[in-house]
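In the working numbering, the protein residues as written are 0 to 715.
What follows is a single structure, written as C-alpha cells, with notes after it.
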Amino acid sequence: MDLTKLISDDHQRAPKSRVISAQFMRTLGYTWRFRRLLLTGFACALLFAGLHAASLAGALPVLKLILDEEGLHGWIDRTVASRRLGFEVELARRAEGAVLAVRRISPTHVLFNQGLGEGDLIQPLGLSAAEWLASVARGNEGDAREFDAVGVSSSSAEAGPNLKRFVVTLRGLDFKEAAKFRLSQLVSRETLEHDKLRVLVYILVLVTLVAILANVFRFLAEYLVSQAVLRGMIRLRAQLYEKVLTLPMAFFTERGTSDLVTQFVQDIQEIQRGLLALFGKLVTEPLKAGFILTLAIFLDARLTLMVMVIAPLAAGVFLMIGRQVRKANRKLLAQYGVMIGGLSTVLQAIDIVKAYTTEEFERRRLDALDAKMFTQQRRIARMQAALPPSLEVLAVTGVSIVSLWLGSRVLDRQLNVSEFMQLALVLGMMLDPIRKVADVYTRISRGSAGADRIFKVLDLPPEAVERGGDRPAEALKRAIEFRGVTFTYPHAPAPALNDLTLTLRRGECLALVGPNGSGKTTLVNLLLRFYDAQSGDVLYDDQPLAELRLADLRRQIALVTQKSVVFDGTIRENIAYGSPDATEDQIRDAARRAFAEEFILARRNGFDERVGEGGMALSGGQRQRLVIARAILRNAPILIFDEATSQVDTESDEKIHQAIRELSRDRTTLMIAHRPSTFRFADRIVVLDAGCIVDSGQHDDLIQRCRLYRTLCQLD
Numbered sequence: 000m001d002l003t004k005l006i007s008d009d010h011q012r013a014p015k016s017r018v019i020s021a022q023f024m025r026t027l028g029y030t031w032r033f034r035r036l037l038l039t040g041f042a043c044a045l046l047f048a049g050l051h052a053a054s055l056a057g058a059l060p061v062l063k064l065i066l067d068e069e070g071l072h073g074w075i076d077r078t079v080a081s082r083r084l085g086f087e088v089e090l091a092r093r094a095e096g097a098v099l100a101v102r103r104i105s106p107t108h109v110l111f112n113q114g115l116g117e118g119d120l121i122q123p124l125g126l127s128a129a130e131w132l133a134s135v136a137r138g139n140e141g142d143a144r145e146f147d148a149v150g151v152s153s154s155s156a157e158a159g160p161n162l163k164r165f166v167v168t169l170r171g172l173d174f175k176e177a178a179k180f181r182l183s184q185l186v187s188r189e190t191l192e193h194d195k196l197r198v199l200v201y202i203l204v205l206v207t208l209v210a211i212l213a214n215v216f217r218f219l220a221e222y223l224v225s226q227a228v229l230r231g232m233i234r235l236r237a238q239l240y241e242k243v244l245t246l247p248m249a250f251f252t253e254r255g256t257s258d259l260v261t262q263f264v265q266d267i268q269e270i271q272r273g274l275l276a277l278f279g280k281l282v283t284e285p286l287k288a289g290f291i292l293t294l295a296i297f298l299d300a301r302l303t304l305m306v307m308v309i310a311p312l313a314a315g316v317f318l319m320i321g322r323q324v325r326k327a328n329r330k331l332l333a334q335y336g337v338m339i340g341g342l343s344t345v346l347q348a349i350d351i352v353k354a355y356t357t358e359e360f361e362r363r364r365l366d367a368l369d370a371k372m373f374t375q376q377r378r379i380a381r382m383q384a385a386l387p388p389s390l391e392v393l394a395v396t397g398v399s400i401v402s403l404w405l406g407s408r409v410l411d412r413q414l415n416v417s418e419f420m421q422l423a424l425v426l427g428m429m430l431d432p433i434r435k436v437a438d439v440y441t442r443i444s445r446g447s448a449g450a451d452r453i454f455k456v457l458d459l460p461p462e463a464v465e466r467g468g469d470r471p472a473e474a475l476k477r478a479i480e481f482r483g484v485t486f487t488y489p490h491a492p493a494p495a496l497n498d499l500t501l502t503l504r505r506g507e508c509l510a511l512v513g514p515n516g517s518g519k520t521t522l523v524n525l526l527l528r529f530y531d532a533q534s535g536d537v538l539y540d541d542q543p544l545a546e547l548r549l550a551d552l553r554r555q556i557a558l559v560t561q562k563s564v565v566f567d568g569t570i571r572e573n574i575a576y577g578s579p580d581a582t583e584d585q586i587r588d589a590a591r592r593a594f595a596e597e598f599i600l601a602r603r604n605g606f607d608e609r610v611g612e613g614g615m616a617l618s619g620g621q622r623q624r625l626v627i628a629r630a631i632l633r634n635a636p637i638l639i640f641d642e643a644t645s646q647v648d649t650e651s652d653e654k655i656h657q658a659i660r661e662l663s664r665d666r667t668t669l670m671i672a673h674r675p676s677t678f679r680f681a682d683r684i685v686v687l688d689a690g691c692i693v694d695s696g697q698h699d700d701l702i703q704r705c706r707l708y709r710t711l712c713q714l715d
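Given below as C-alpha cells:
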C-alpha cells in the first residue's frame, strides 16, 4: 500500500465507532514520505527486541549454574534425552547417589504398554546416570538404548521379579531441543565442572554485552523514528498553512483565527505525540512482547497460552477508554481555541484594559474559560489514570494464577526451581509491554481528535478551485460595474449592500463616503472577491468576476487598508512585500514617494532595520507610510485606499495626499475616506448610507445639495 496516497485521499473516513480515526491514519502518509528513516528505525527496533529477548534467555544458564545441582550440561542432557526417549526423566537423590526416575510417560508410549510407569527407577547398563543421559542426548535418530527399570513398589534393585529390561529406539530432535544441544557445545563440560565461577563470569559478560547492544539499537530506533515523525509534522503544518492561505475570507469570518492557531500548535502537537507513541512504543513494545512470547513458548507452550487469555480483556479495556479519550480531547482542543482567542484579545488591548481598570473583570472571564478547559482535562486525566491500574490488575491476576500453577508443579517435582524462576521472569516481562502500551493508546486517541480537526480544514476546496474562474484578468480597459448588487454578511441582521448599482470607469478616481456600516468596505471586499454577492453582478470589462482567475484579478489591484499591516521583518522586506523582484532603487523610490524615506534613513540600520511584531518599533503614521510605499511599489493599474490616511500624522498629511494624487494619476482609483482633504480632489464622490447610494457628484455640488454629505464634512 502506498501510504503517501493517504495524505490527500478523503475516502478513508472512519466510522464513529473507531477509536483510531481514519484521519489519524492519513497522518501516517506524511511520516511515510521519510520511509528510509522510518524503516531503518523499525529495523533497529526489531534488533533491539530480539537482543532483549536473548538477554532474558541468558538468565536460564545463570540460574542453572547457581541453583541447580545437575548443572547446565546436565539439564540440557536430561531435557534432550527426554525428547529422544519419548518420556520425561528426572534425577532423583538417593543415599547411594543420583538415580534416574521416570517423571512422566504417555499411555500411548510403547514402553508404557510393556510395563514402564511414572516413578520407575532407571538403571543404565554399565554407565552412571549422567553418562547414560549424555549418551542418549548425543545419539542418532533410530539408535537403540537398553536399560533396566525397577518398579516404584520395590525398595531396591535386588527385587528380582520387579526388575525388567527395556529397549527404546531414539527419536529425532525438534528445533527446540536441537537448539539447546548446540548451545551446550559452546562451553566444554570439563571447563564447567572445574571452574563454574569463570563460566558464570563469561555468561554474565555476554548477557551484559547483548543488553548494551540491544539498547544501542533502541536508541537508534527512537531517534530515527522521531526524525521521521518530526519531519512529517513539519510537512503537515506547511500543508495546513498553505491550505489556510488559499481559503476564502468567509472561512475566517465564521471560524475565527484563534481556533486556527490552536490547530497549528496544539492539534499538530497531539498528532506528533500520537505518532511518536505509535512508531515508538507501539512498535517496539509489541516486538519485544513477540520475541519474549516466542521465548516463553520455547520454554513452556502450554503455560504461555494460558497467560494469553489476558490479551482480549486488555484489548477491551483499551477500546472502551480510548473512545472516551478521543471524544473528550476533541472538545478540549476546541476549548483551547476559545481560550487563546480571549487571551490574545486581552493582551493586544492591554492598554485599554488598564485604562478602564478592567483587570479583575478580564481575570474572571479567563478563569471561566480555564474552568471549562479544566472540565475536559479532568475527564481525560481520569481516564488516563484509570487505564494503567486496570491493566495492572489484569496483569497481577494473570501472574498470580500462573505463579500458583508453577508453584504446584515445583511441589510435584515436575519443575525445578531455576525453571520456575525463569518462567516467572519471562512471563512477567511479557506482560510489561502491555502496561507500557496503556499510555500510548490514550496518546493515539488524543492524536486522532487533533487529526479529525485538521483534516476538516485540509479537505476544504481552495478558494481558487471553489470560486475562481479560468479566464485571465488583464489590465482594466473600460470599467468595473456593480449591477443591482445585494450582499449580507453571515449572521448579520441586515444587508451591507442593498440593490446597489455603480460604475467605476478606467482612469477615474472615485471616492466613497458615508457613515460607518454604510457598505464602503463591502464594495472593496466584493471587488477583491473576498466575498461574492448573493444577488446582482460585479463586472470587470463586462466579464463577471466569478469567471476570472482570482490570482490574475488581484494582481491588478494594490490595496492600502485602514489597518496598517506590517510584518515582523526589515523595512525593506515590508516595502517589497508582494513584489519579490523589486530592485533596491525601486524600493527606495517607493519609500521616497510615500514620504517614508526620511524616517527610514534616520534609523540606525536604515532599510535593514527590523520593525518588530506588528511594526511595534514604528509609530502609527510611519506604519501607514510603509504600507503606502508597498502599494506604490506594486504599481498595479487599480488602486484601493480604504481609510489609507487615517493614521498619518498631521505634519505628513498633505505630503501623503500629494503622493496619493500623483500615484492615482492615469490609474483607476477607489478611495474610502472620512477626511474631506483626502477625497476632495476625486473625480467623483459617491455618498452611501445603509448599503444604498444617496447621491454622487463632485465636492462643491454635494455640499450644496446632499445633507448627509454636508454633515459628514462638518463632523470631520
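A virtual CB, placed ideally from N, CA and C, is assigned to each residue, including glycine.
These numbers come from a predicted model, not from an experiment.
{"query": "When the distance is taken between beta carbons, is Val-149 closer than 8 Å to Asn-139?", "result": "no"}
{"query": "Tell me, please, which residues DSSP counts as bridged to Thr-502.", "result": "Glu-480"}
{"query": "Report, in whole angstroms, the separation of the C-beta atoms of Thr-30 and Gly-171, which I expect to be a contact under 8 Å.", "result": "Actually they do not touch by this definition, with Cβ atoms about 48 Å apart."}
{"query": "Checking the sheet assignment: what are the DSSP bridge partners for Tyr-539?", "result": "Ile-479 and Gln-542"}
{"query": "Among Pro-675, Leu-600 and Leu-99, which residue has its Cα nearest to the Cα of Pro-123?", "result": "Leu-99"}
{"query": "Suppose the cutoff is 8 Å on Cβ atoms and the five residues either side in sequence are ignored; what does the same chain contact list for Thr-252 look like?", "result": "Tyr-488 and Pro-489"}
{"query": "Go through its chain and collect everything with a Cβ distance to Tyr-708's Cβ below 6 Å, but skip five positions before and after it.", "result": "Val-686 and Leu-701"}
{"query": "With contact counted as at least three CB pairs below 8 Å, one residue from each stretch, are the segment 513 to 525 and the segment 627 to 637 in contact?", "result": "no"}
{"query": "Looking at the structure shown, is Lys-163 part of a helix, part of a strand, or coil, going by DSSP?", "result": "strand"}
{"query": "What is the DSSP secondary structure of Ala-508, reduced to helix, strand or coil?", "result": "Going by the sequence as given, residue 508 is Cys instead of Ala. Cys-508 falls in the strand class under three-state DSSP."}
{"query": "For a test of the three-state rule: what should DSSP assign to Val-228, helix, strand or coil?", "result": "helix"}
{"query": "Assign Gly-236 to one of three DSSP states: helix, strand, or coil.", "result": "Residue 236 is actually Arg in this sequence, not Gly. Three-state DSSP puts Arg-236 in a helix."}
{"query": "Quick one: give me the first and last residue of the beta strand (DSSP E) that Asp-147 is part of.", "result": "143 to 149"}
{"query": "Distance, Cα to Cα, Asp-540 vs Gly-568?", "result": "38 Å"}
{"query": "When the Cα atoms are used, what is the spatial distance from Gln-697 to Asp-682?", "result": "7 Å"}
{"query": "Quick check on the DSSP output: the alpha helix (DSSP H) that includes Val-686 runs from which residue to which?", "result": "Looking at the DSSP string, Val-686 is not in any alpha helix (DSSP H); the run it does join, the beta strand (DSSP E), is 683 to 688."}
{"query": "Quick test of your reading: Ala-672 and Ala-510, contact by CB under 8 Å. State the CB separation rounded to the nearest angstrom.", "result": "6 Å"}
{"query": "For Leu-558, count neighbouring C-beta atoms within 10 Å of its own C-beta (all shown protein chains included) and say buried if the count is 16 or more, exposed if not.", "result": "buried"}
{"query": "May I ask you to report which of helix, strand or coil DSSP gives Thr-560?", "result": "coil"}
{"query": "Select from Phe-146, Gly-620, Arg-505 and Asp-142 the residue whose C-alpha is nearest the C-alpha of Gly-125.", "result": "Phe-146"}
{"query": "What residues in its chain sit with their C-beta under 7 Å from that of Ser-663, if we drop five residues either side in the sequence?", "result": "Cys-508 and Leu-638"}
{"query": "For Phe-278, tell me which candidate among Leu-499, Ala-44 and Arg-364 has the shortest Cα-Cα distance.", "result": "Ala-44"}
{"query": "Would you kindly report the start and end of the unbroken alpha helix (DSSP H) that includes Phe-598?", "result": "596 to 600"}
{"query": "Pick out whichever of Asp-588, Ser-54 and Ile-659 has its Cα sitting closest to the Cα of Ala-213.", "result": "Ser-54"}
{"query": "Please report how far the alpha carbon of Val-693 lies from the alpha carbon of Ile-684, in whole angstroms.", "result": "11 Å"}
{"query": "Name the two residues that bound the continuous alpha helix (DSSP H) containing Phe-640.", "result": "Counting along the chain, Phe-640 falls outside any alpha helix (DSSP H), though it belongs to the beta strand (DSSP E) covering 637 to 641."}
{"query": "Is the segment 448 to 456 in contact with the segment 23 to 43, if contact means three or more CB pairs nearer than 8 Å?", "result": "yes"}
{"query": "Buried or exposed for Asn-211, please, with buried defined as at least 16 other CB atoms from any protein chain shown within 10 angstroms of its CB.", "result": "The displayed chain sequence assigns Ile, not Asn, to residue 211. Classification of Ile-211: exposed, given that the 10 Å Cβ count is below 16."}
{"query": "I'd like the list of long-range same chain contacts for Val-564, defined as Cβ closer than 8 Å, with 5 residues on each side in sequence excluded.", "result": "Val-626"}
{"query": "Tell me the DSSP secondary structure of Glu-739 in three-state form.", "result": "This structure cannot settle anything about residue 739, because the visible part of the chain is limited to 0 through 715."}
{"query": "Compute the Euclidean distance between the alpha carbons of Asp-366 and Glu-359, then round it to the nearest angstrom.", "result": "10 Å"}
{"query": "I'd like to check one pair, Arg-528 with Leu-503: are the Cβ atoms closer than 8 Å?", "result": "no"}
{"query": "Can you tell which of Leu-36, Val-523, Tyr-576 and Thr-500 has its C-alpha closest to the C-alpha of Ser-534?", "result": "Thr-500"}
{"query": "Output the boundary residues of the beta strand (DSSP E) element that contains Ile-742.", "result": "Outside the displayed span of the chain (0 to 715) sits residue 742, for which this structure offers no information."}
{"query": "Are there three or more Cβ pairs, one per stretch, closer than 8 Å when the segment 127 to 144 is compared with the segment 70 to 90?", "result": "yes"}
{"query": "So for Leu-115, helix, strand or coil by DSSP?", "result": "coil"}
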